[in-house]
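What follows is one structure encoded as structure tokens, with my remarks underneath.
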């Protein structure tokens with residue numbers, strides 16, 4: 416069992432390496448940190464249960480690391496969990512909170528998947544692995560609440576399933592996509608491009624780079640020479656949110672500094688985005 420646990424740790428290093436320049440790096444980092452501690456508690460230290468509060472905290476850190484999600488949703492969830500804890504503090508409330516947070520993360524990735532299909536007609540393969548991971552995680556958490564014996568007996572199959580998913584995610588990486596036209600609506604992309612007053616082909620190029628609609632908005636304003644504060648005021652968002660999107664764009668365009676990104680934005684009318 417210790418050998419299997421070691422393989423589990425090693426398998427999780429794959430996504431960390433593959434996603435080191437991705438906006439999902441911290442998602443995998445906090446996932447590894449949380450699951451590693453739980454595995455050490457359960458099998459290496461021979462504990463029959465794991466620290467629910469720690470596991471809940473780890474999952475909340477994972478929520479905070481989710482990209483392209485407004486801070487109001489992240490902090491709203493944390494405030495809701497804290498309020499629930501104040502009203503009812505017990506192992507049951509901890510387990511219910513964990514299930515709720517994992518469901519929140521699952522819905523986030525399902526939504527990302529659906530939006531990508533509807534707008535671009537493509538499917539990012541690692542999303543499938545994450546969705547399976549959290550769906551099974553919710554089931555295991557539920558049985559932890561209803562029958563701890565089942566959890567103990569299914570620990571090995573669970574570990575094997577998670578290892579397989581991490582290998583799959585490592586193999587496909589952050590950028591591997593396949594065409595998936597079921598549910599694809601070209602008019603959505605055209606509408607979004609028209610909203611930004613750019614050609615749909617240019618909008619396609621930004622999507623190929625992995626930019627979100629909000630990031631494309633910000634990039635268009637950067638092309639006009641607006642500062643971070645001016646962009647924030649224009650879009651009615653926080654300056655910190657603009658800076659986060661710009662850091663993501665820097666990585667997606669393959670630049671080493673924000674200066675390079677801004678210089679590229681100023682010259683982008685003269686050169687191809689690709």
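Residue numbers (the working numbering): 416 to 689. Think of the CB as a built atom: it goes at the ideal place given N, C-alpha and C, for glycine as much as any other residue. These figures come from a predicted structure and were not determined experimentally.
**Asked** Between which two residues does the alpha helix (DSSP H) containing residue 472 stretch?
**Response** 467-480
**Item:** Residue range of the unbroken beta strand (DSSP E) whose run includes residue 624
**Value:** That residue, residue 624, is in no beta strand (DSSP E); it is neither H nor E in DSSP.
**Request:** Kindly indicate the opening and closing residues of the alpha helix (DSSP H) around residue 539.
**Result:** That residue, residue 539, is in no alpha helix (DSSP H); its beta strand (DSSP E) goes 537-539.
**Message:** In this structure, how does DSSP classify residue 436 when only helix, strand and coil are distinguished?
**Reply:** coil
**Prompt:** What is the DSSP secondary structure of residue 594, reduced to helix, strand or coil?
**Reply:** strand
**Asked** Is the beta carbon of residue 517 sitting closer than 8 Å to the one on residue 473?
**Response** no
**Message:** Considering only their Cβ atoms, is the gap separating residue 467 from residue 510 smaller than 8 Å?
**Reply:** yes
**Request:** Can you have a look at residue 632 and say buried or exposed, based on whether 16 or more other CB atoms are within 10 angstroms of its CB?
**Result:** buried
**Request:** Could you tell me the boundaries of the alpha helix (DSSP H) in which residue 572 lies?
**Result:** 570-587
**Message:** One question on the structure: do residue 512 and residue 477 come within less than 8 Å of each other, judged by their Cβ atoms?
**Reply:** no
**Request:** Return the chain-ordered ranges of every alpha helix (DSSP H) run that is complete within the stretch 638-664 and spans a minimum of 4 residues.
**Result:** 643-650
**Asked** Going by the beta-carbon positions, is the gap between residue 431 and residue 448 smaller than 8 Å?
**Response** no
**Message:** Considering only the alpha carbon of each residue, which of 618, 537, 598 and 593 lies closest to residue 605?
**Reply:** 618
**Item:** Segment limits, alpha helix (DSSP H) that includes residue 485
**Value:** Neither: residue 485 is in no alpha helix (DSSP H) and is coded neither H nor E.
**Prompt:** At which residues does the alpha helix (DSSP H) containing residue 676 begin and terminate?
**Reply:** 673-682
**Message:** Please report the straight-line C-alpha distance between residue 594 and residue 537, rounded to a whole angstrom.
**Reply:** 4 Å
**Request:** Determine the DSSP secondary structure at residue 491, reduced to helix, strand or coil.
**Result:** helix
**Request:** Give me the Cα-Cα distance between residue 670 and residue 519, rounded to the nearest whole angstrom.
**Result:** 32 Å
**Message:** Tell me whether the stretch 620-639 and the stretch 659-674 touch, counting them as touching only if at least three CB pairs, one residue from each stretch, are closer than 8 Å.
**Reply:** yes
**Asked** Is the Cβ-Cβ distance between residue 643 and residue 482 less than 8 Å?
**Response** no
**Item:** Through-space distance from residue 496 to residue 575, alpha-carbon basis
**Value:** 31 Å
**Exposure of residue 426, with buried meaning 16 or more beta-carbon neighbours within 10 Å** = buried
**Request:** Return the residue from the list 602, 522, 630 and 611 that minimises the CA-CA distance to residue 545.
**Result:** 522
**Endpoints, alpha helix (DSSP H) assigned at residue 605** = 601-610
**Message:** Please state whether the Cβ-Cβ distance between residue 556 and residue 514 is less than 8 Å.
**Reply:** yes
**Prompt:** Secondary structure at residue 614, three-state DSSP: helix, strand or coil?
**Reply:** coil
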